[in-house]
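Remarks on the structure that follows.
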Amino acid sequence: MKRALTIAASALAVGAGLLAAPGNGAAASPASAASSASASSTIPAYTPPPLAWGTCTSKRLQDAGAQCALMTVPLDYARPRGAKIKIAVSRVLHTDADYKGMIAVNPGGPGGSGLNYSVLGGSIPNGVGAKYDWYGFDPRGVGSSQPSLSCNPNYPGAGYNRPNYVPNRAADRNWWLRVTAKYARDCGRSDARALLRHIKTTDVARDLDSLRRAAGQEKLNYYGFSYGTYLGQVYATLFPQRVGRFVWDGVLNAKNAFYRANVEQNVAFDQNINRYFGYLAQNNATFGLGRTASLVRQGYYRQLRLLDRRPAAGGRLGPDELTDVLQSAAYYVYSWVELGQAYAKLVKTGDGTDVLAQYAGPGDDNGFAVYNAVQCTDAKWPNQQRTFADTRRTYAKHPFLAWSNTWYNAPCLTWPAPARNAVTVSGKAVKTPILMIAETYDAATVYSGALATRKAFPTSYLIEGVGGTTHSGSLSGIACTDDTIASYLDTGELPARAAGNRSDQQCAPVPAPQPTATAALRARQGASSTAVRDRMPADLRAGLQEAQLIGR
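Everything in the sequence shown is counted per this note's numbering, starting at 12 for the first residue and increasing by one.
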């Protein structure tokens, strides 16, 4: 939701700060073939200058043997000779002689940093990842890309003990309207404000195709998580002939981007937090919060009222901060035990320090700035009257996230750059198989959206984590899912699709952790204390969650 990086806004096309020293990596030759005609006859083709690969500043990337570069692309692809920006890129080259090509990774957001994800190949079972050149990148405006968008690092809406999300008091409502509108104005005055008209998903998709060209590849292979699945859908719509092997995990329904998707989330997150309350009740011997989900839920809303009157943790933990922290339990199962222990300590003793430790607070706003810049302009948003009417209607039955999500997205009500009509996504021209993964009760990208995307892309194949609540949980050690990913990336083939509007393959979900297991055992085994062990390194899993919580 809030990011812990520190990145300042910079001017267009400034000097590189990504490389520690010049490297010996040879620049890739661009692909000779032109982009697909379907990309749009009004947008001229663009091939970036050769990339000067060098040593990365990140020790994580250095240890993985990665190389880094800055890719120069147009600010506006309709004016390829105009102003330029730079996209931060990393790569880890293949080590297996059975070379499959390049594969780019996006962790989600929008606004998530993907630079470290060139190391994802080691998480693919059976050594298949070693057959690819893996590329990570910070999308335009993000992280080490230049310029990096920042509007107000001390945005009060990401601070401590804020006015209650639920605007029962006029003063609370007016505060949120005022600070969210000011944040939008601050973005319009940012040093990187030139990005605001050129940071739509279509722009990022064209950056991806520039990366394909710079790598000298005929096809783009791609692994997208969360919002990254929407980026993949837009790319496949613009460049269907360039689609190679695409994996989409946590599939967004493009038809609902983005306002309607947020309304759907409000319902789904409320349902998932109730599932978490059920888990706490089932493990009442450990947490002591109540023997039924209903009792735990009642206790939660009672706690919100108490914090509204008297914030905990030295006045820094109010009802909003508690909601923000527990939201991650409705996203993923990975930290269910730790969250439950921190919350139980608050309820039983009034000590909210452990809860507050899991709240990021103010600081760098790069992810939030880019999230708004993309989402507020990718598609048109309704006005305040309709937004509040929808929120009140949802809150009446599904209160957990309704007002929180409304205020999080409220900068879109007064955003300083124009919105466009949403992209009409279509996979009818795509000829290659696409692998999709979704859990049944994923709240961030609801399962019905995966089914809608399966329908829109006739060559796609959907794995369902049956009964699961985790968002973008692939490579968590579920062999049924992970082995299918590896086989697909190795061969490019998938089984025949099932008939009807349903998933094609049913796998176990990411399992909930067992609270009786020791913390050391849970750390070793990742997702849970069962025999399942997370294949993804902890820093990459945490990076996914950071990127995805930006996008709610």
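Just so it is clear, CB atoms sit at the ideal spot from N, CA and C, and this is done for glycine as well.
Quantities reported herein were computed from a predicted structural model and do not represent experimental measurements.
For the beta strand (DSSP E) containing residue i, list its first residue and its last residue.
i: Tyr458; result: Note, Tyr458: premise wrong, no beta strand (DSSP E); alpha helix (DSSP H) at Tyr458 to Ala467.
i: Gly476; result: Ser471 to Gly476
i: Pro85; result: Gln78 to Pro85
i: Gly255; result: Val254 to Asp260
i: Glu557; result: No beta strand (DSSP E) holds Glu557; the alpha helix (DSSP H) holding it covers Ala549 to Ile561.
i: Leu446; result: Ile445 to Glu450
i: Phe148; result: Tyr143 to Asp149
i: Gly235; result: Leu231 to Phe236
So, with DSSP's three-state summary, where would you put residue i?
i: Val543; result: coil
i: Thr527; result: coil
i: Gly34; result: The predicted model places Gly34 with a pLDDT of 35, which falls under 50 and marks its position as unreliable; any figure quoted below should be read in that light. DSSP places Gly34 in coil when its eight states are reduced to three.
i: Arg286; result: helix
i: Cys518; result: strand
i: Arg102; result: strand
i: Tyr128; result: helix
i: Thr66; result: strand
i: Tyr246; result: helix
i: Leu88; result: For the record, residue 88 in the displayed sequence is Tyr; it is not Leu. Coil at Tyr88, not helix or strand.
i: Ser305; result: helix
i: Leu505; result: coil
i: Ile54; result: coil
i: Gly152; result: strand
i: Ser339; result: helix
i: Ser437; result: coil
i: Ile496; result: helix
i: Leu16; result: Because the pLDDT of Leu16 is 27, which lies under 50, any placement of that residue in the model is unreliable, and the number read from its coordinates should be weighed accordingly. Three-state result, Leu16: coil.
i: Leu317; result: helix
i: Gln73; result: helix
i: Gln228; result: coil
i: Leu263; result: coil
i: Ser43; result: Residue confidence is low: Ser43 scores 33 on pLDDT, short of 50, so the model does not pin down where it sits. No coordinate-derived value is stated.
Determine the closest residue to residue i out of the options, with distance taken between C-alpha atoms.
i: Gly297; options: Met547, Gln525, Asp545 and Val215; result: For clarity, residue 297 is Thr in the given sequence; the question names Gly instead. Of the listed residues, the one whose Cα sits closest to Thr297 is Gln525.
i: Gly147; options: Asp389, Leu222, Cys518 and Ala510; result: Leu222
i: Ala380; options: Ala428, Tyr171, Asp319 and Ser339; result: Ala428
i: Ala304; options: Asn163, Gln396, Gln293 and Asp319; result: Gln293
i: Leu206; options: Trp259, Pro150 and Val190; result: Pro150
i: Pro632; options: Leu505, Trp145 and Gln556; result: Outside the displayed range of the chain (12 to 563) lies residue 632, so it cannot be described from this structure.
i: Thr58; options: Gly329, Ala341 and Asp218; result: Asp218
i: Ile496; options: Leu424, Asp260, Pro174 and Arg404; result: Asp260
i: Ser459; options: Thr68, Gln276, Arg196 and Gly133; result: Gln276
i: Gly488; options: Val543, Ala324 and Gly326; result: Val543
i: Cys423; options: Asp376, Thr398, Trp414 and Lys356; result: Thr398
i: Lys391; options: Ala272, Gly301 and Thr402; result: Ala272
i: Trp64; options: Ala94, Ile54 and Val100; result: Val100
i: Pro158; options: Arg313, Phe269, Lys97 and Ala355; result: Lys97
First and last residue of the alpha helix (DSSP H) that includes residue i?
i: Asp376; result: Counting along the chain, Asp376 falls outside any alpha helix (DSSP H), and DSSP gives it neither H nor E.
i: Trp414; result: Ala413 to Tyr419
i: Asp218; result: Thr212 to Ala225
i: Trp187; result: Ala181 to Gly199
i: Arg351; result: With the sequence shown as reference, residue 351 is identified as Gly, and Arg is not the correct amino acid for it. Where Gly351 is concerned, the enclosing alpha helix (DSSP H) stretches over Trp347 to Thr360.
i: Ala115; result: Per DSSP, Ala115 belongs to no alpha helix (DSSP H); it is in the beta strand (DSSP E), Gly112 to Asn117.
i: Asn172; result: Taken as a continuous stretch (DSSP letters only), Asn172 belongs to no alpha helix (DSSP H), as it is neither H nor E.
i: Leu367; result: Thr364 to Leu367
i: Lys408; result: Gln395 to Lys408
i: Thr297; result: Asn295 to Phe298
Below 9 Å between beta carbons: does that hold for residue i and residue j?
i: Leu231; j: Ala89; result: no
i: Gln369; j: Val336; result: yes
i: Gly112; j: Pro118; result: no
i: Gln282; j: Ala454; result: yes
i: Gln517; j: Val477; result: yes
i: Leu473; j: Leu486; result: no
i: Leu62; j: Ala80; result: yes
i: Gly342; j: Leu500; result: Sequence check: residue 342 is Tyr here, not Gly. No, the Cβ-Cβ distance between Tyr342 and Leu500 is not below 9 Å.
i: Lys193; j: Asn165; result: no
i: Ser237; j: Leu555; result: yes
i: Gln244; j: Thr464; result: yes
i: Gly122; j: Val434; result: no
i: Tyr233; j: Gly199; result: no
i: Leu160; j: Ser201; result: yes
i: Ser519; j: Tyr290; result: Inspection of the sequence shows that residue 519 is occupied by Ala rather than by Ser. Cβ distance not < 9 Å, so Ala519 and Tyr290 don't count as in contact.
i: Val366; j: Thr481; result: no
i: Gly438; j: Pro251; result: yes
i: Thr334; j: Ser415; result: yes
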